[in-house]
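**Student:** Following this message is one structure expressed as C-alpha cells.
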Amino acid sequence: MGIPARLDAHGNEVCMTPDQQKIVDFISAKNKTKFYFNDFLEIFPEKGPREVKKILTSMVQSEVMEFWSSGSTTMYGLKGAGKQSQAEGEG
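The numbering of the sequence shown is my numbering, which starts it at 344 and goes up by one.
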C-alpha cells in the first residue's frame, strides 16, 4: 500500500514522502492550524533543523503547506486550512 496522495491548490495529486506524510499526520491530529518550526523538530528528533527545514520547504513548494506570517514570526500550516487562507485578502 502506497503513501496516500494529497491534492494541491490546483487539484493535482501530490505524492508525499514518508517524512512529509508524518508531518501531515501530526498536523491532522492537532486541534490547531498553525505551527512553529520548532513544533516540527519534535517529530524528527533524529534529524537536524536543516533536514526538517528542507522537508517543510518542499511541502510549501508543492503547495501542500503554506507559510503564515504575523509580521514578526512565520508559521506553517496546511494549504487552505484555518484562517491563513482568508488573511491573504485582508488589507
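Note that CB positions come from ideal geometry on N, CA and C, so glycine has one too.
What runs of the beta strand (DSSP E), each 3 residues or longer, lie entirely inside the stretch 389-423?
**Tutor:** If we require 3 residues or more, the beta strand (DSSP E) runs fully inside the stretch 389-423 come out as 408-412, 417-421.
**Student:** Classify valine 403 as buried or exposed, calling it buried when 16 or more other Cβ atoms lie within 10 Å of its own Cβ.
**Tutor:** The residue is exposed, with fewer than 16 neighbouring Cβ atoms inside 10 Å.
**Student:** So, for alanine 308: in the same chain, excluding its five sequence neighbours on each side, which residues have a beta-carbon less than 6 Å away from its beta-carbon?
**Tutor:** With the chain running from 344 to 434 in the structure shown, residue 308 is simply not present.
**Student:** Kindly indicate which residue of Met418, Gly414, Glu385, Glu389 has the alpha-carbon position closest to the one of threonine 400.
**Tutor:** Nearest of Met418, Gly414, Glu385, Glu389 to threonine 400, Cα basis: Met418.
**Student:** Please say whether lysine 422 and methionine 408 have beta carbons closer to each other than 8 Å?
**Tutor:** Yes, the pair counts as a contact, with Cβ atoms nearer than the cut-off.
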